[in-house]
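Step one of this worksheet: look at the structure below.
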Amino acid sequence: MKKFKESLKLAKLAKISNGKLILIENLNINSVSTLEEADKTSLAFYQNKKFHNSFLQSKAGVILIPKDENISGLPKRNYILCEKPYFSFLMAVSYFLEKEKIQISGQNIHPNASIDSSVKLPKNIRIAANVIIEKNVEFGNNIEIEANTIVKNNSQIGDNSHIFPNVTIYQEVSIGKNVHIHAGCVIGSDGFGYLWDGKKHRKIPQIGKVIIEDNVELGANVTVDRGTLGDTIIREGSKIDNLVQIGHNVILGKNSIVCAQSGIAGSSEIGENTILAGQVGVADHIKVGKNVTVAAKSGVSKNVPNGKTIFGYPATDAHLQRRMIASLRELPKMRKILHRLIEEEKNGTKK
Amino acid sequence: MKKFKESLKLAKLAKISNGKLILIENLNINSVSTLEEADKTSLAFYQNKKFHNSFLQSKAGVILIPKDENISGLPKRNYILCEKPYFSFLMAVSYFLEKEKIQISGQNIHPNASIDSSVKLPKNIRIAANVIIEKNVEFGNNIEIEANTIVKNNSQIGDNSHIFPNVTIYQEVSIGKNVHIHAGCVIGSDGFGYLWDGKKHRKIPQIGKVIIEDNVELGANVTVDRGTLGDTIIREGSKIDNLVQIGHNVILGKNSIVCAQSGIAGSSEIGENTILAGQVGVADHIKVGKNVTVAAKSGVSKNVPNGKTIFGYPATDAHLQRRMIASLRELPKMRKILHRLIEEEKNGTKK
Amino acid sequence: MKKFKESLKLAKLAKISNGKLILIENLNINSVSTLEEADKTSLAFYQNKKFHNSFLQSKAGVILIPKDENISGLPKRNYILCEKPYFSFLMAVSYFLEKEKIQISGQNIHPNASIDSSVKLPKNIRIAANVIIEKNVEFGNNIEIEANTIVKNNSQIGDNSHIFPNVTIYQEVSIGKNVHIHAGCVIGSDGFGYLWDGKKHRKIPQIGKVIIEDNVELGANVTVDRGTLGDTIIREGSKIDNLVQIGHNVILGKNSIVCAQSGIAGSSEIGENTILAGQVGVADHIKVGKNVTVAAKSGVSKNVPNGKTIFGYPATDAHLQRRMIASLRELPKMRKILHRLIEEEKNGTKK
């Protein structure tokens with residue numbers, strides 16, 4: 012259960028949730044909760060029949076339920092009927108959170124931050140302790156940078172972006188608006204490129220940039236390498252989970268989803284609205300189309316056309332892969348049969 | 012070889028090791044070592060026959076050996092006979108280390124640390140340079156927090172816990188007693204949840220907590236996401252290796268072991284005493300039972316009953332998987348045979 | 012495109028590139044670029060026929076081309092003929108970068124750095140804000156340590172090494188010359204070792220060291236555990252990509268390449284010039300030979316002889332693995348045929 016400072020009337024909650032209030036008892040709501048943990052102060056929601064028992068026994072002050080639910084058979088208590096209870100619940104939670112958020116107002120700079128004199132601070136910005144802002148960094152407005160984060164020369168951070176603690180942003184990284192970068196991320200480290208000169212690996216200079224467009228979120232400890240010559244680009248609205256690796260010169264399409272511990276090798280391109288599930292690997296110089304779904308732990312070694320669902324190592328059409336796996340489980344038996352057929356053939360029992 | 016400041020007499024060492032001293036020459040021991048690197052000052056151990064040659068040639072001052080070893084045929088030198096030489100060796104190492112440990116005594120706060128005025132410091136605590144402790148953080152006693160670590164609002168850290176450098180602990184994270192969190196960990200970052208609203212990925216607010224119970228150890232650069240509504244829980248005595256990802260609302264059972272680079276997706280539950288070897292992936296909403304062993308690199312996509320050993324991608328019974336792999340190696344040959352059988356059938360050679 | 016402050020004459024560029032200048036128009040060059048983005052100020056290169064169109068249309072001031080290219084049919088502009096255009100291009104880029112590099116000169120220590128009084132600073136060193144240098148750390152000359160990095164007791168860093176921000180180097184880590192360690196790395200955290208004592212996992216003390224030899228580069232957020240008793244060793248000239256895990260007592264051979272998100276478990280040994288592609292896992296106590304190539308996402312569970320190329324999970328000879336995969340794709344069909352053969356046999360149609 013999450014408690015908030017502000018209480019809401021049921022009518023207000025119904026309005027926020029875009030629902031219809033069934034009022035039994037007037038209550039003030041100042042928490043959101045699962046059905047199980049809820050009490051009289053809580054808003055909860057019920058959508059999945061799997062939780063029907065929890066729903067019946069819940070002590071929630073008010074419950075968001077589907078609008079086609081027959082309330083006559085239900086326990087007498089407050090309900091809000093709505094189209095999509097979970098979605099309405101999230102809207103209510105967001106409303107509470109927005110109220111609690113301490114607005115960034117003015118230039119709130121911790122005395123232990125080190126900001127280069129070349130940097131022009133915007134109207135509203137919060138910079139926490141031990142943050143380092145190097146030369147010619149450019150800021151939009153309403154920015155929060157948490158403790159111990161470093162932003163190196165010539166990088167940019169757009170309006171309303173939030174950088175969590177212990178992040179390292181190398182030089183010449185461009186970060187758009189409404190971008191969230193969680194703790195421990197490293198953006199703009201050198202791409203991994205060497206040339207064997209017969210005696211040793213000679214480093215290929217990494218002089219490209221990283222561009223992170225608007226509305227992107229990066230999870231904790233993500234690494235994004237800078238381009239070798241051109242740029243590494245994370246397009247608008249993409250969401251990246253913890254411990255993901257984005258190689259040099261990768262282009263990640265608009266609104267794509269990359270789940271935890273996946274990696275995309277150098278110069279590969281991922282189309283928009285594509286989903287890489289957890290621990291996926293995409294080889295270098297690969298093109299993955301739009302609206303593709305790559306199942307968890309798949310290894311993508313060939314180009315993938317738009318709209319495909321692929322799975323496996325190496326990744327292939329998901330339907331074929333499932334049939335291959337089903338057959339594989341029978342393989343030891345098939346092997347025995349085949350050996351018997353051959354044996355029979357040898358012994359002439361078939362002739 | 013590891014040298015210590017303090018020397019120990021052989022009799023004392025025998026006592027610590029819970030063994031019986033065979034004394035040939037009186038020596039002072041102030042180092043621990045492998046058999047190969049040992050010198051007159053060193054304690055070493057011999058347990059595995061594989062190292063018999065190194066054992067015979069070792070220059071160690073004293074060697075822990077199994078109590079049933081026949082010492083009459085062995086080189087003349089000091090021995091300690093004991094039940095489990097390796098275990099006794101570890102007890103001796105721990106004794107040396109404990110002696111060297113600089114006790115936390117009093118409030119030892121680096122002047123460059125930033126501690127919010129709402130925080131009440133315990134009797135004994137060591138806080139290094141550039142540590143940030145935000146509002147209402149609660150401390151047990153005998154705590155060490157190393158340089159550049161951040162602990163955000165309303166988090167708690169229990170007695171005798173040790174947080175290494177560059178760690179980020181988000182708000183409302185509860186850490187138990189005797190917990191060790193290695194450098195670069197991120198605890199309490201947002202769970203990875205979005206709802207596609209037809210135009211963009213809308214963020215699902217992540218308002219749950221993280222609870223890390225007593226005696227847990229987390230390796231370097233581990234990420235643990237906070238719960239969405241409920242909590243993410245790491246139960247007592249669990250040990251987690253480097254670069255592991257723990258998703259939102261995961262419950263990791265008591266005394267479980269999670270090896271490097273494994274990931275557990277949202278809302279999955281792992282039973283007690285279960286082992287995930289390296290680079291394992293567990294899909295979301297999965298229940299893995301107690302005393303389960305998951306072999307390295309396996310992908311777990313279904314619930315796993317107690318006591319099973321599973322392996323593969325997708326993970327299945329380890330015995331079956333091994334048979335499948337053995338058969339698979341014969342598959343190219345089987346394919347040839349099958350093609351021949353069909354060819355013969357076609358040509359009527361079988362009729 | 013990457014602009015530099017210094018301009019170069021074409022003759023000078025030809026000399027640096029070890030090529031022959033075909034001069035049409037005298038220009039000053041102060042940028043390097045891809046063929047597509049180049050303008051009159053840019054050096055570009057052309058080597059791969061795939062980019063022939065971009066080559067013809069490029070606006071580059073001068074283009075490095077293979078010396079056997081027939082220039083009579085090409086657009087009239089400046090060329091430099093050379094043996095290996097890409098290699099020459101890299102040499103030119105390196106020349107520009109070297110000119111721009113701000114030399115480390117004198118002791119340039121940020122006032123917010125904390126350096127223990129026992130530490131002797133070399134002639135030339137740059138230490139950025141919030142860096143922590145603990146007791147008895149030893150430095151070579153010409154060292155750069157970026158912001159928020161920690162170097163613990165008794166560690167050493169050799170000449171010309173560069174440690175990026177937010178790195179944690181534990182105690183007794185030895186780092187050679189010309190080593191680059193990118194942001195977020197953790198070097199020397201405890202190896203992952205516990206002994207089940209019947210009730211709980213008892214920690215095995217980790218008292219070995221880490222040795223990183225000369226000319227090694229580590230990518231972002233890499234973790235390298237210290238040895239348990241002996242040392243973890245990264246040999247000369249090895250290159251390690253982002254998010255890699257190196258377990259306790261691993262020995263990584265000279266000039267090896269470890270791509271992103273790979274992991275090597277405790278006590279394994281990798282031979283020189285060996286390549287682990289992305290997301291590879293090597294089990295513990297394995298010996299991988301010299302000049303081995305392990306394909307991406309492979310799981311290595313057995314020793315590998317010198318010179319092999321292996322692939323798969325579990326990893327096996329790459330040629331066999333590819334045949335197994337090809338056969339596997341036919342397996343569902345084979346299964347059907349086999350079922351039919353058995354059916355026919357049952358029905359006596361064969362007799």
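Read top to bottom, the protein sequences are chains Y, C and H.
What the first sequence shows, in the working numbering, is residues 12 to 362, in sequence order.
What the second sequence shows, in the working numbering, is residues 12 to 362, in sequence order.
What the third sequence shows, in the working numbering, is residues 12 to 362, in sequence order.
We treat Cβ as the ideally placed atom computed from N, Cα and C, and that holds for glycine.
Remember, predicted model here, so these are calculated numbers, not experimental data.
Per-residue burial, residue i [other beta carbons within 10 Å of its own, 16 or more giving buried]
i, result
"residue 332 of chain C", "buried"
"residue 78 of chain H", "exposed"
"residue 346 of chain Y", "buried"
"residue 118 of chain Y", "exposed"
"residue 63 of chain H", "exposed"
"residue 171 of chain C", "buried"
"residue 129 of chain Y", "exposed"
Residue i: contacting residues in chain Y (beta-carbon distance under 9 Å)
i, result
"residue 98 of chain H", "206, 208 and 213"
Chain-order list of residues whose beta-carbon lies under 6 Å from that of residue i (same chain, five-residue window excluded)
i, result
"residue 35 of chain C", "87, 88 and 89"
"residue 47 of chain Y", "65"
"residue 100 of chain C", "56 and 75"
"residue 269 of chain C", "251, 255 and 287"
"residue 178 of chain C", "160, 192 and 196"
"residue 145 of chain C", "127, 163 and 164"
Separation of residue j from residue i, as counted between CA atoms
i, j, result
"residue 231 of chain H", "residue 265 of chain C", "32 Å"
"residue 71 of chain Y", "residue 22 of chain Y", "16 Å"
"residue 52 of chain Y", "residue 38 of chain Y", "7 Å"
"residue 361 of chain Y", "residue 340 of chain Y", "The predicted position of residue 361 of chain Y is uncertain, since its pLDDT is 49 and thus under 50; a value taken from the coordinates is nonetheless stated next. When rounded, the distance between both Cα atoms is 28 Å."
"residue 138 of chain C", "residue 257 of chain H", "29 Å"
"residue 41 of chain Y", "residue 320 of chain C", "46 Å"
"residue 209 of chain Y", "residue 349 of chain C", "48 Å"
"residue 12 of chain Y", "residue 237 of chain C", "13 Å"
"residue 24 of chain H", "residue 112 of chain H", "19 Å"
"residue 116 of chain H", "residue 116 of chain Y", "41 Å"
"residue 198 of chain C", "residue 273 of chain Y", "20 Å"
"residue 309 of chain H", "residue 289 of chain C", "13 Å"
"residue 174 of chain H", "residue 190 of chain H", "8 Å"
Neighbourhood of residue i by C-beta distance below 7 Å, restricted to the same chain and skipping five residues each side
i, result
"residue 123 of chain C", "140 and 141"
"residue 215 of chain Y", "204, 205, 206 and 239"
"residue 33 of chain H", "82, 89, 90 and 92"
Per-residue contacts from residue i into chain H (C-beta, under 8 Å)
i, result
"residue 218 of chain Y", "13, 43, 104 and 108"
"residue 122 of chain Y", "Correct list: empty, because the minimum Cβ distance to chain H is about 11 Å."
Proximal chain Y residues relative to residue i, where beta-carbon distance stays under 7 Å
i, result
"residue 143 of chain H", "Simply none; closest approach about 11 Å."
"residue 338 of chain C", "342, 343 and 346"
"residue 176 of chain H", "161 and 179"
Under 8 Å by beta carbon: chain Y residues contacting residue i
i, result
"residue 270 of chain H", "203 and 276"
"residue 71 of chain H", "Correct list: empty, because the minimum Cβ distance to chain Y is about 12 Å."
Within-8 Å CB hit, residue i to chain D
i, result
"residue 279 of chain H", "No chain D appears in the structure shown, which is made up of the protein chains Y, C and H."
Contacts of residue i in chain C (Cβ-Cβ under 7 Å)
i, result
"residue 334 of chain H", "343"
"residue 294 of chain H", "307"
"residue 348 of chain H", "349 and 353"
"residue 324 of chain H", "308 and 324"
Own chain partners of residue i with C-beta closer than 8 Å, once the 5 adjacent residues on each side are dropped
i, result
"residue 102 of chain C", "27, 28 and 29"
"residue 131 of chain H", "149 and 150"
"residue 311 of chain C", "291, 292, 293, 294, 297, 299, 305, 321, 325 and 326"
"residue 17 of chain C", "41, 107, 110 and 111"
Partner residues on chain C for residue i, Cβ-Cβ distance less than 8 Å
i, result
"residue 63 of chain Y", "Neighbours of residue 63 of chain Y on chain C: none; closest Cβ ~18 Å, over 8 Å."
Under 7 Å from the C-beta of residue i: neighbouring residues of chain H
i, result
"residue 194 of chain C", "179, 197 and 200"
"residue 29 of chain C", "Going along chain H, no residue has its Cβ under 7 Å from residue 29 of chain C, so there is no contact; the nearest lies around 13 Å."
beta-carbon residue i near the ligand SAM non-hydrogen atom, thresh 7 Å
i, result
"residue 321 of chain C", "The ligand SAM is not part of this structure, which contains no ligands at all."
Do the segment 163–174 of chain C and the segment 203–216 of chain C make contact, defined as three or more Cβ pairs closer than 8 Å? no
The segment 312–319 of chain C contacting the segment 300–312 of chain H, beta-carbon criterion three pairs below 8 Å: no
For the structure I just gave you, are there three or more beta carbon pairs, one from the segment 247–254 of chain H and one from the segment 218–229 of chain H, closer than 8 Å? yes
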